[in-house]
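Worksheet: one structure, shown below.
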Amino acid sequence: MTEITGIIATGILIGVVLLALKSGIGCAFASISRREIVYLGSLYLVISILMGHLIEIIPVEFTNNILATGLGMHIIVAIGLLYFGIKTKKNWLSRRCDISRNSFLWISLPCPVCLTATFLSCTVLCNLLEISNIKIGFIVGLVLSFGVVVSTFSVRYLAEHLQIQNPSSLGSAMILLGLFYLLSPIVIPAYIQMQSIPVFEASFNLNEALKSFLLIALLVASGFFSNRMNIVRRRE
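Quick note on numbering: the sequence shown equals residues 487 to 722 in my numbering.
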């Protein structure tokens, strides 16, 4: 394996870890048990092995058709995340009604986008490395399942320490991820097109940039402490 191949394979596995982190965030804020978290991680392992098996069965034309529907899948997943994220947050804040056991499935279960990413990861790794497709699926599945379990327990521990382990935080995470899914098909192509435009040099004022950063940090900090004070007053 050459150095370039190793870098590409490492980058793909890092992408798989980020996919596991997304699922782990949903599990961390949902009202589910540790056993259910392990079950979900095992589901990712089984799906990855299945994807590795399908590499030699699914033709390239079918894969291209799946990629062509990527924009539609992004929009559907984004709408679901936004709707159920707002619903989860609203039900908890207004009525103390916890629906996280159902709504977290939108962020934690393998969605069409996640399945496509897993299949493409297995396909690219199988072409890069001299390893059988079943072993590639098993490796990707191990990374996914281990990443889901570890990220879930890590995020849950951190959330409990910060006292934000509640369905409202799950709703916020779903809304942010939904906005990302909604904007990424628009922003990423626009960014790629910008790379072909000649770049003009512009002067950079460090003092002005520092003042702007401090102003933004002050606004964020004031909003955070204002929210914490409101929470304390409600408890009293």
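Where is the CB? At the ideal position from N, CA and C, for every residue including glycine.
Taking 8 Å as the limit between beta carbons, can you name the residues of its chain near His539, skipping five residues before and five after?
Taking the first residue of the sequence shown as 1, we reach residue 539 at position 53. Only Asn619, Ile620, Gly623 meet the Cβ criterion.
My output table needs one value for Phe686: the three-state DSSP class, helix, strand or coil.
Stepping through the sequence shown from its first residue, residue 686 is reached at position 200. In this predicted model, Phe686 has a pLDDT of only 47, less than 50, meaning its place in the structure is not dependable; the value taken from the coordinates is given anyway. Of the three classes helix, strand and coil, the one that applies to Phe686 here is coil, per DSSP.
Should Leu526 and Ala603 be called a contact, given that it needs their Cβ atoms to be closer than 8 Å?
Position 40 of the sequence shown holds residue 526. Position 117 of the sequence shown holds residue 603. Contact: no.
Taking all protein chains shown into account, do 16 or more other C-beta atoms lie within 10 angstroms of the C-beta of His647, making it buried, or fewer, making it exposed?
By one-based count along the sequence shown, residue 647 stands at place 161. His647 should be labelled exposed.
What does the alpha-carbon distance come out to for the pair Leu529 and Leu601?
Within the sequence shown, residue 529 is the residue found at index 43, counting from 1. Within the sequence shown, residue 601 is the residue found at index 115, counting from 1. Their Cα atoms are separated by approximately 12 Å.
Ignoring anything shorter than 4 residues or poking outside the segment 531-617, list the alpha helix (DSSP H) runs there in chain order.
Counting whole runs of 4 or more residues, the segment 531-617 contains the alpha helix (DSSP H) stretches 546-554, 556-581, 586-589, 591-594, 598-614.
When the Cα atoms are used, what is the spatial distance from Val599 to Asn693?
Position 113 of the sequence shown, counting from 1, holds the residue named residue 599. Position 207 of the sequence shown, counting from 1, holds the residue named residue 693. Answer to the nearest angstrom: the Cα atoms are 43 Å apart.
Using beta-carbon positions only, say whether Val629 and Val503 come within less than 8 Å of one another.
Start at 1 with the first residue of the sequence shown, and residue 629 comes out as number 143. Start at 1 with the first residue of the sequence shown, and residue 503 comes out as number 17. A contact, by the Cβ cut-off of 8 Å.
Considering only C-alpha positions, which residue in the set Val626, Gly664, Met715 is nearest to Ile500?
Against the sequence shown, residue 500 aligns to sequence position 14. For Ile500, the nearest C-alpha among the options comes from Val626.
Check Ala516 in the structure and name its three-state DSSP category.
Along the sequence shown, one-based indexing puts residue 516 at 30. The answer is coil: DSSP assigns Ala516 none of H, G, I, E or B.
How big is the Cα-Cα spacing for Ser580 and Pro653?
On the sequence shown, residue 580 is found 94 positions in, with the first residue counted as 1. On the sequence shown, residue 653 is found 167 positions in, with the first residue counted as 1. If I take the Cα positions, the gap works out to 12 Å.
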